[in-house]
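Number 176 in the working numbering belongs to position 172 of the sequence shown; there are no gaps in the numbering.
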Amino acid sequence: MTLTTMALGRMTLLKQAGLVLGGTAVLAIASQVSVPFFPVPMTLQTLAVLMVGLTLGARLGAITVLVWLGQAMLGAPVLANFANGAAFAGPTAGFLVGFVGLAFLAGLATDRGITGPVKLSLVTLAASALLYVPGLAWPLGVAQVAGIDAGWTTLDFGTVVQGFMAPFLIGDAVKAILAALIVAGAANALRNRQA
Numbered sequence: 005m006t007l008t009t010m011a012l013g014r015m016t017l018l019k020q021a022g023l024v025l026g027g028t029a030v031l032a033i034a035s036q037v038s039v040p041f042f043p044v045p046m047t048l049q050t051l052a053v054l055m056v057g058l059t060l061g062a063r064l065g066a067i068t069v070l071v072w073l074g075q076a077m078l079g080a081p082v083l084a085n086f087a088n089g090a091a092f093a094g095p096t097a098g099f100l101v102g103f104v105g106l107a108f109l110a111g112l113a114t115d116r117g118i119t120g121p122v123k124l125s126l127v128t129l130a131a132s133a134l135l136y137v138p139g140l141a142w143p144l145g146v147a148q149v150a151g152i153d154a155g156w157t158t159l160d161f162g163t164v165v166q167g168f169m170a171p172f173l174i175g176d177a178v179k180a181i182l183a184a185l186i187v188a189g190a191a192n193a194l195r196n197r198q199a
């Protein structure tokens, strides 16, 4: 049972629409927040995607991320650094697409009743690690197959890992565990309140 179901009860179409719109607003705002961190500053974008998935569940979480990305494609500046759909032609497009899967996998855990902090942390860490598959695949050649020819589309594997993965591992692990702890704590608080 997801947090939204625990808090709001049966999900009507109107509730779901409101949650999706609210989720896209959270994603847009979190994308603009940059936190000083080592070795690179981190945005709260990935944390927000995880939170959306964990709180809304797999289906509604993935839909929310798709709507958010759709807003960007329509020109809304909702991505990191106020970027819009033009980011889909850039080197981080694989991560943007991967966010849909990230929200889905995180939500699948809570749909299946995983709400304990340790198990939920393991799920969010694994899902965050899987985000690197499309994230790295894009600059390693998928972009060229898609017809995008830029300087970053011919990078070798080591360079891609050094630029697109290594600096972000610690921050992504922190965000994954933080998302799990927040949701686990909120789920526990809701259960105690309802008891």
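For each residue, glycine too, the CB sits at the ideal point set by N, CA and C.
For residue 116, no alpha helix (DSSP H) encloses it, and the DSSP letter there is neither H nor E. Where residue 196 is concerned, the enclosing alpha helix (DSSP H) starts and stops at 173-198.
Measuring C-alpha to C-alpha distances from residue 129 to each of 96, 185, 84 and 193 identifies 185 as the nearest. Rounded to whole angstroms, the gap between the alpha carbons of residue 33 and residue 82 is 8 Å.
In the DSSP assignment, residue 169 falls outside any alpha helix (DSSP H) and carries neither an H nor an E. With fewer than 16 other beta carbons inside 10 angstroms of its own, residue 161 counts as exposed. The C-beta of residue 97 has 16 or more other C-beta atoms within 10 Å across all chains shown, which makes the residue buried. Only residues of its own chain outside the window of five on either side were considered, and among them 89 have a CB closer than 6 Å to the CB of residue 77, listed in chain order. With fewer than 16 other beta carbons inside 10 angstroms of its own, residue 166 counts as exposed. With respect to the C-alpha of residue 63, the residue from 15, 80, 85 and 30 having the closest C-alpha is 15.
Taken through DSSP and simplified to helix, strand or coil, residue 37 comes out as coil. Annotation: the continuous alpha helix (DSSP H) that includes residue 53 extends over 49-60. In this structure, the alpha-carbon of residue 11 lies about 16 Å from that of residue 24.
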